[in-house]
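Read through the structure below, which is laid out as structure tokens, and then see the notes.
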Amino acid sequence: MSENIDVKKVAELARLKLDGDEEKYFKEKFNEILNYISSISEVEIGDDVLEKDESLQKIFQQDEVQKSDVSPDQFSDYVENKFFKVPKVIG
Numbered sequence: 025m026s027e028n029i030d031v032k033k034v035a036e037l038a039r040l041k042l043d044g045d046e047e048k049y050f051k052e053k054f055n056e057i058l059n060y061i062s063s064i065s066e067v068e069i070g071d072d073v074l075e076k077d078e079s080l081q082k083i084f085q086q087d088e089v090q091k092s093d094v095s096p097d098q099f100s101d102y103v104e105n106k107f108f109k110v111p112k113v114i115g
């Protein structure tokens with residue numbers, strides 16, 4: 025693939041400081057990635073791959089209410105106005 029990746033620009037966007045050896049290393053790695061993507065895009069697929077497979081079907085299970093060993097009293101310390109009260113996660 026003949027794409028040129030500006031490693032310096034990518035490093036700048038990622039807020040990385042790369043020396044000359046690291047730039048060379050990442051340029052090679054980016055080229056390997058682009059070549060791999062290019063080889064994937066060259067794979068030929070026929071229309072038969074895109075057709076629906078009738079042997080596959082969705083299997084649904086009916087929801088059933090079941091008895092639980094959990095009593096409402098176990099949650100009394102955590103419930104406030106019919107909602108669960110949890111610690112603040114986001115600052």
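All letters in the sequence shown, in the order written, are residues 25 to 115 by this note's numbering.
Every residue, glycine too, gets a C-beta built ideally from N, C-alpha and C.
Cα-Cα separation, residue i to residue j
| i | j | result |
| --- | --- | --- |
| Asn105 | Asp30 | 56 Å |
| Ser62 | Pro96 | 58 Å |
| Ile117 | Gly70 | No information on residue 117 is available, as it lies outside the stretch 25 to 115 that the chain covers here. |
| Gln86 | Phe99 | 28 Å |
| Glu56 | Phe50 | 10 Å |
| Ile40 | Glu68 | At residue 40 the sequence reads Leu, which differs from the Ile that was named. Roughly 38 Å between the two C-alpha positions. |
| Ile114 | Phe107 | 18 Å |
| Leu37 | Tyr60 | 23 Å |
Contact under 9 Å by Cβ, residue i with residue j
| i | j | result |
| --- | --- | --- |
| Glu47 | Ala35 | yes |
| Lys33 | Leu42 | no |
| Val89 | Tyr102 | no |
Same chain, Cβ closer than 6 Å to residue i, neighbours up to 5 away in sequence not counted
| i | result |
| --- | --- |
| Val94 | none |
Identity of the residues DSSP links to residue i by a beta bridge
| i | result |
| --- | --- |
| Phe108 | Val103 |
Residues of its chain near residue i, where Cβ-Cβ distance is below 7 Å and the 5 sequence neighbours each way are ignored
| i | result |
| --- | --- |
| Phe84 | none |
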